[in-house]
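Everything on this sheet refers to the single structure shown next.
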Amino acid sequence: MRAPRSPQHLSTADFLTLGNAVCGFLAIYSITTGILMPHLTGESSSPVKHSAATAVTLLLIGSMCDLFDGLVARKLRSSALGAELDNLADLISFGIAPAYFVAVWGIVSPGSDQRLSALIALTVLLAVVLRLARFSAVKMRPGIFQGMPCPMGAMTVIAIVLLDPPFVPGLLMIFGVAYLMVSRIEYPKPQGLLATATLCWIVFSIGCLAAWAAGLPGGDSLMHVGAVAQIALAAMAPLLVIRRKVGQKVGDVRARRAESRG
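All letters in the sequence shown, in the order written, are residues 1 to 262 by UniProt numbering.
Below, the structure is given as structure tokens:
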């Protein structure tokens, strides 16, 4: 007979979670060596685009690992370390990495303010920390997230930085994303067709960024299409949720009025 598993034994899903953490660290490393250090040393900026594309691609791969580790854990046996590992990996890939991306953007972007960008980057990091803590401590009804999920928030922040908008409007957009992550807006969990659509979006984004990093014709346009689509998705999701809630309340009011008339 097999001996009982140790509480420290790693499951298959845990290795995917660790892959997410590795992707987050490598994204930070790519941003530092390919963008920040050349800017500080005054070297050629030719590797900047490739390093940015590499960092974003790594974060997208981390998002895929985060998506699949939950699916694998449900299909196979999960370990006692699974939930803690997932939060720590998410903090690296979807908290520290995008916040660092914002801070570096504030350093290398012309006409930017380093202190202001660092403040907004800290806001993103704290929003993710609070979001992950609330996810672990607050029990929601099945099929619902409270606040924008961290992977969506992180990729929206990265998309804003990639588009390189005017500095202050860009920071306001990033602050809005941080607010949505700690808000009480209820987001549906990706299941069934929604999960399939999310996976297709990730694959599409990786393809666009790979074309952009490789310097293929139209790569810049594909990057802009992917970034705009991500921002539009992040903006539409809470509006659709609020619209559904308003519709439910209106329906309840109409039902009560009908009952009173009856």
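The beta-carbon is built from N, C-alpha and C at its ideal position, and this holds for glycine as well.
How should residue 276 be labelled, buried or exposed, when 16 other C-beta atoms within 10 angstroms of its C-beta is the threshold for buried? Nothing about residue 276 can be read from this structure; the chain reaches only from 1 to 262.
Backbone CA spacing between A214 and M223 [nearest angstrom]: 12 angstroms
Quick check: is the beta carbon of V168 nearer than 8 angstroms to any beta carbon in chain C? Included in the structure is just one protein chain, with no chain C present.
Measuring alpha carbon to alpha carbon, tell me which residue in S63, L36, D69 and H9 is nearest G24. S63
Can you tell me whether DSSP reads P238 as helix, strand or coil? helix
Under 8 angstroms, with one C-beta from each stretch per pair, do the region 77–96 and the region 137–146 reach the 3-pair mark? no
Local Cβ density within 10 Å of M1, reported as buried at 16 or more and exposed below that: In this prediction, M1 has a pLDDT of 41, which is less than 50 and means its spatial position is unreliable; what the coordinates show is noted afterwards. M1 comes out exposed.
Beta-carbon contacts of G36 that lie in its chain and below 8 angstroms, excluding the five residues immediately before and after: Here residue 36 turns out to be Leu, not Gly, going by the sequence shown. By the criterion of a C-beta distance shorter than 8 angstroms, L36 is surrounded in its chain by V104, I107 and V108, once the five residues flanking it on both sides are discounted.
Who are the near neighbours of V177 in its chain, counting only those whose CB is closer than 6 angstroms to its CB and skipping five residues on each side? G153, T156 and V157
Spatial neighbours of N20 in its chain, beta-carbon cut-off 6 angstroms, leaving aside the 5 residues before and after: G62, C65, D66, A89 and S93
Give the DSSP bridge partners of E186, in chain order. Q146
With H, G and I counted as helix, E and B as strand and the rest as coil, what does DSSP make of H9? coil
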